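Enquirer:
Residue numbers (this note's numbering), protein chains in the order written: chain U, 1 to 340; chain H, 341 to 680; chain E, 681 to 1020; chain Y, 1021 to 1360.
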């Protein structure tokens, strides 16, 4: 951490600050210039409140050098984390070379639908089933999901196919209903719902944490830190597209450089959602291939047996036939990465 | 609402669609072109799920003409809403010509602090007291607020000064603790925490809804709609700066055109937060004056008796002396607007 | 400037770097930590190529502390620059307490139009006339301006009214045609047309430099630096709205905090364009008042005698009657600022 | 094109508008609703100035349905354009299944450097040589390129290796110096320098048009239209990363969904620049592979024989050894796409 002092600071002001910094366990190094004084702070600065420092009258600016996340930081945990999802023989590993494809409909709509999709995606090679029971919708007048009934239908599909289930939670008040969900998803809009993150940090269940609409990589990792610092280190990150100024043709901009960059910053697995990122089913195949080529640990893809009549996000869902083709292409790309 | 059909759609496909649209209570008008067919949909389209329509195989695109919000829409409620905050003789009106300044520290820190600030801002002319008891912080290692104790200190300050209190809620699980808060704030990060919004919609307490970091005006109004459609029509909107590509000097970009634009779209009061928008106390005065000139119904300003030792956001807090000066300037600008 | 070395750098690598830095006239101060070494660079770093330093193998990151602009920097030029536009008795001062309103149509269309508008805006109190002769349009099929004929019409209007003229240049090849223009405008799309900026730097004519669509304040000031470092210090900056993710209701987001922030960073005058920023004539009045309240040195406002038949940007133009009203309101706000 | 009329429009106002629209060669279809009247406009609307329509008093909003570009539009030119670059036996095809890799240093620095890099990238398989002679730099104090001398060195490298040369133009005044350049690049900052685009439209030389920092896909295609409508249809589009709110780790966000989306909208070839997009050499390999997987027609990659001493953008340049490895990986991905 580096602090720049304002010009005109007195010796005694400076010494007071240096003593305070030492009391926080830091080792300050001072460089005096004609116009400015620079203080380099050596030590564990991850728990220093940067706003507090900035607020001091004699300080012009403060810059962090090392990242403020600790549990999620590759510097302190150099090997890849492998998250295990599900139980028994259907357990699936994600990260550290283990690649997983999560597939299923945006919303669970009926027994017939979820069972058909689950069987189809399993046949193609998917190893986890997704399906929304609680749906975050911009409008209160849009379909909000089947709630408890949707969760029960997912359990049924899991029983039929053995696929572990992945579904989104929207409130800590629903935690009990999610007790046996295999992978709990936190959606983009709740990425900074810190009270929810803390509750999820007290579970053992793996968490799929989606990047917020306009959140930085650092903020994503700080949200992972909220979960991990409470004790749950089973966090999978998900890039799902960010908001940009051009929404004429794609809903969001898929930030694929986030994949290698997050892998450099953190040891956590990172998966990509090409369906929500683009909002167009015909862009899912090229974006799924591109994400795999960028080195992600898995994909989450929307598949619906009848996209044109889906109650939600049909426009971005693949049919099972298209998914089968996309899956094969993903595996071809994956094979190239495994070569070295 | 306007739907464009893909080229090559058959007569029977088109007729099926027209029949379905009529069954939804809409009146479709068809314009046939060489390359495209345009269908104009007349009627109440606010409850139509646009994604559902987009998902139909024969449709190229769908555009809304009228806005999908109803309770918050000025079209159906032409006169300004006036929200009343607090009880008895200390009741404050906001909107419809009533201008209010909410002031106080980012976080409640101690009895001494909150009482001192409350008395000071009241003396300057502020009519509501703000103070955070639950603080949303990017890092789990930063100060998170005094929680229940902070709420009790706010109550004490209200008792001392008569100022109604404004404070942020971060989880529906805390609702009971907020039972007598005069104005409950929903922070930017929770603007699309729909489960929380629905719970707040079941209260009578006025809600201060802050615009999310990268949310559109339409999304802000749809979030207001979540609260209002559950029965609570006492919603005050708040512009507090949006995220942009330039964060070198100001934390966010204060979008002041949102003020007259929201007033055109909606009848709800709109206030502005110049403190969070800029993150710099020396920019609060010009931005508070500018916001007032833009026609807002009130301001929310951070004031701290000792900004350099504040536990949170000291850098953007005014001292009581500076606030007194800013308040006078705001009133001068306000006087010009009242002239006509 | 601060450089962070990678871990594992050898003593001899570090000494080579320190010697090189000293050879550049800088005074390096070293702080050694357990994981990192920080080098504080004291001296004139404005002419150091930051990318060159970043490219060195042993360097992890480099951060500028002082700004890389020099001529435009208030640190080296503490008093406000006053730019004089026009000649003789019609000369207008901008900056340092001198406030100017530039008004006129988006495009010059005919003698009748420009003379009528010029007379009207002069009568209201405007002191400079704007009018486009070369129009940057997204589409090659849209009206591109009257070119040389448009410039002649502006000269005629200047002769009639005495108002100095302001018009946009799109290519250095047109410089001769602009020889007697009083204030040459560089549009947002050409803010980083560096070859054009250098040519303008060799003139004496004042330059109105508009901020690019998605350019930072630092980039704006570096573009001013391109002009000033060639010898022309008569630069006026212009905030005209930046691109954001929400374009549903306003074309751009007017960044009014840029006004006080640019005044802190630079001594150059800063004016605001509320017409292009919003794209809606009914938002011009509140935004012009807000910009004035934020402390700008002037405004540039579109006025057309027949907005509904304007060949370009009619939607954002005021009628002369509306402009007269807006001008009065601006002056009322300006009076408040002059009080202290 | 669809126009919505304001409520309260009279019959005679509406009829005047309909007559005017018919006079423009359009066929208007009217749908009357309780609150609104919708007019569907059938015909060639590409040459209608949308701002002109919007400015009419009786119109609430206008929406384009078909895209306003014509020469660049796949609708009117369904087969892929193949651009031929260079002459004689070294001619290279780009587009329509022909994939090309352009490689070379950011700046031409010396004979030794450019010849060494040219030979190395040719040996690896690159078929075009890039190198900057005129460099757009944010600061006037940064290295601006060798200008004419740089162009001569590129010619020398072409003579040595046979590789066609690609270099950036910054002003129409330099056109003569560029007379035998094989592929003229328009940089991001000049994407909307319309006077330059028109001049380039009068040449036969192929143009590499880079997307601007914050420009939409539609604006990119309209800029291609500027070149094409003057007669030069040899345009190659280039995605090179767009500006976002997160610049902590990557300079820009590479928008890879732009690749399939542009291919759907236009018949022009589209290449990707992973070097400028990320600004980090270690991200070039994953992003080059991802771009190839997304279906682009080629890549432009920075290669320097001594990146740590490069005068410009060394941090993002690959060594020839790394480039050789990246090239092989790109070819492996390309092979998968060629399978079907």
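Even glycine gets a Cβ: it sits at the ideal position worked out from N, Cα and C.
Just so it is clear, the structure is predicted and the values come from calculations on it, not from any experiment.
Give the residues of chain H in contact with residue 1263 of chain Y, contact being defined as C-beta atoms less than 7 Å apart.
Expert: By Cβ distance, chain H contributes 585.
Enquirer: Does residue 890 of chain E come within less than 8 Å of chain H when only Cβ atoms are used?
Expert: No, no contact with chain H.
Enquirer: Looking only at its own chain, which residues have a Cβ that is under 7 Å from the Cβ of residue 290 of chain U, when we skip the five neighbours before and after it?
Expert: These residues qualify, in order along the chain: 256.
Enquirer: Could you name the residues of the same chain whose beta carbon sits closer than 8 Å to that of residue 544 of chain H, not counting the 5 residues immediately before and after it, in chain order?
Expert: Excluding positions up to five away in sequence, the list reads 572, 574.
Enquirer: Taking 8 Å as the threshold (beta carbon to beta carbon), is residue 49 of chain U in contact with chain A?
Expert: The structure shown contains no chain A; its protein chains are U, H, E and Y.
Enquirer: Does the beta carbon of residue 627 of chain H sit closer than 8 Å to a beta carbon anywhere in chain E?
Expert: Yes, residue 627 of chain H counts as interfacial toward chain E.
Enquirer: Could you check whether the Cβ of residue 600 of chain H sits closer than 8 Å to any Cβ belonging to chain E?
Expert: Yes, its Cβ sits closer than 8 Å to a Cβ of chain E.
Enquirer: Counting only runs that start and end within the stretch 358 to 390 of chain H, where is the alpha helix (DSSP H) found for 4 or more residues in a row?
Expert: Runs of the alpha helix (DSSP H) inside the stretch 358 to 390 of chain H: none found.
Enquirer: Check the Cβ of residue 253 of chain U against every Cβ in chain Y and list those closer than 8 Å, keeping chain order.
Expert: Those within 8 Å of residue 253 of chain U in chain Y are 1262, 1264, 1273, 1275, 1277.
Enquirer: Suppose only complete runs of 4+ residues qualify. What are the alpha helix (DSSP H) ranges in the stretch 124 to 209 of chain U, listed by chain order?
Expert: 148 to 161, 194 to 201, all fully within the stretch 124 to 209 of chain U.
Enquirer: State the DSSP-derived secondary structure class of residue 595 of chain H, mapped to helix, strand or coil.
Expert: Correct three-state label for residue 595 of chain H: strand.
Enquirer: Once DSSP output is grouped into helix, strand and coil, what is the label at residue 658 of chain H?
Expert: The answer is strand: DSSP assigns residue 658 of chain H an E or B state.
Enquirer: Using a Cβ cut-off of 8 Å, pull out every chain Y residue sitting near residue 365 of chain H, in sequence order please.
Expert: Under the 8 Å cutoff, chain Y gives no residues; its nearest Cβ is about 13 Å from residue 365 of chain H.
Enquirer: Beta-carbon within less than 6 Å of residue 691 of chain H's beta-carbon, same chain only, minus the 5 sequence neighbours each way: which residues are those?
Expert: Residue 691 of chain H cannot be examined here, being either before or after the span of chain H that is shown, 341 to 680.
Enquirer: Identify the continuous alpha helix (DSSP H) that holds residue 624 of chain H and give its terminal residues.
Expert: Looking at the DSSP string, the run of the alpha helix (DSSP H) that includes residue 624 of chain H is 624 to 633.
Enquirer: Consult DSSP for residue 427 of chain H and reduce its assignment to one of helix, strand or coil.
Expert: Coil, per DSSP.
Enquirer: Starting from the C-beta of residue 542 of chain H, find all residues in its chain whose C-beta is less than 6 Å away, skip the five residues before and the five after it, and write them out in chain order.
Expert: So the qualifying residues of the chain are 570.
Enquirer: List the residues of chain U that residue 569 of chain H touches, going by C-beta distances under 7 Å, in chain order.
Expert: Those are 140, listed as they occur along chain U.
Enquirer: Could you check where the alpha helix (DSSP H) with residue 1237 of chain Y kicks off and where it finishes?
Expert: Where residue 1237 of chain Y is concerned, the enclosing alpha helix (DSSP H) stretches over 1237 to 1248.
Enquirer: Once the 5 residues before and after residue 634 of chain H are set aside, which same chain residues still bring their CB inside 7 Å of it?
Expert: For residue 634 of chain H, where only same-chain residues beyond five positions count, the Cβ hits under 7 Å are 596, 599, 600.
Enquirer: Excluding five sequence neighbours on each side, which residues of the same chain lie with their C-beta closer than 6 Å to the C-beta of residue 667 of chain H?
Expert: For residue 667 of chain H, where only same-chain residues beyond five positions count, the Cβ hits under 6 Å are 464, 465.
Enquirer: Using a C-beta to C-beta distance shorter than 7 Å, which residues of chain U count as neighbours of residue 1353 of chain Y?
Expert: Near residue 1353 of chain Y (Cβ distances below 7 Å), the residues of chain U are 293, 333, 336.
Enquirer: List the endpoints of the continuous beta strand (DSSP E) containing residue 1083 of chain Y.
Expert: Run containing residue 1083 of chain Y: 1079 to 1083, per the beta strand (DSSP E) assignment.
Enquirer: Quick one: using the 10 Å Cβ neighbour count with 16 as the cut-off for buried, is residue 427 of chain H buried or exposed?
Expert: When all chains shown are included, residue 427 of chain H counts as exposed.
Enquirer: Are the stretch 754 to 761 of chain E and the stretch 941 to 959 of chain E touching by the rule of at least three beta carbon pairs closer than 8 Å?
Expert: Yes: the two stretches touch, three or more of their Cβ pairs being nearer than 8 Å.
Enquirer: In chain E, which residues lie less than 9 Å from residue 1233 of chain Y when you measure between Cβ atoms?
Expert: What residue 1233 of chain Y touches in chain E: 872, 892, 893, 894, 895.
Enquirer: Check whether the stretch 821 to 834 of chain E and the stretch 1061 to 1069 of chain Y are in contact - that is, three or more C-beta pairs closer than 8 Å.
Expert: Flag = yes, the stretch 821 to 834 of chain E and the stretch 1061 to 1069 of chain Y touch.
Enquirer: Can you give me the C-alpha to C-alpha distance between residue 930 of chain E and residue 1129 of chain Y, rounded to a whole angstrom?
Expert: Near 46 Å, if we compare the C-alpha coordinates of residue 1129 of chain Y and residue 930 of chain E.
Enquirer: What does a CB cutoff of less than 7 Å around residue 1014 of chain E pick up in its chain, not counting 5 residues either side in sequence?
Expert: Same-chain partners within the cutoff: 779, 972.
Enquirer: Measure the Cβ-Cβ separation of residue 888 of chain E and residue 864 of chain E and say whether it is below 8 Å.
Expert: Contact: yes.
Enquirer: Which of the three DSSP states is assigned to residue 645 of chain H in this structure?
Expert: Residue state, collapsed to three classes: coil.
Enquirer: Straight-line CA distance for residue 1030 of chain Y to residue 1057 of chain Y?
Expert: One C-alpha to the other measures close to 11 Å.
Enquirer: Going by the beta-carbon positions, is the gap between residue 1293 of chain Y and residue 1320 of chain Y smaller than 8 Å?
Expert: Contact flag set, yes.
Enquirer: I want to verify the contact list: residues of chain H whose CB lies under 7 Å from the CB of residue 1083 of chain Y, in sequence order.
Expert: Within chain H, the residues near residue 1083 of chain Y are 403.
Enquirer: For a contact defined as C-beta to C-beta under 7 Å, what are the partners of residue 1269 of chain Y on chain U?
Expert: The answer, in chain order, is 217, 261.
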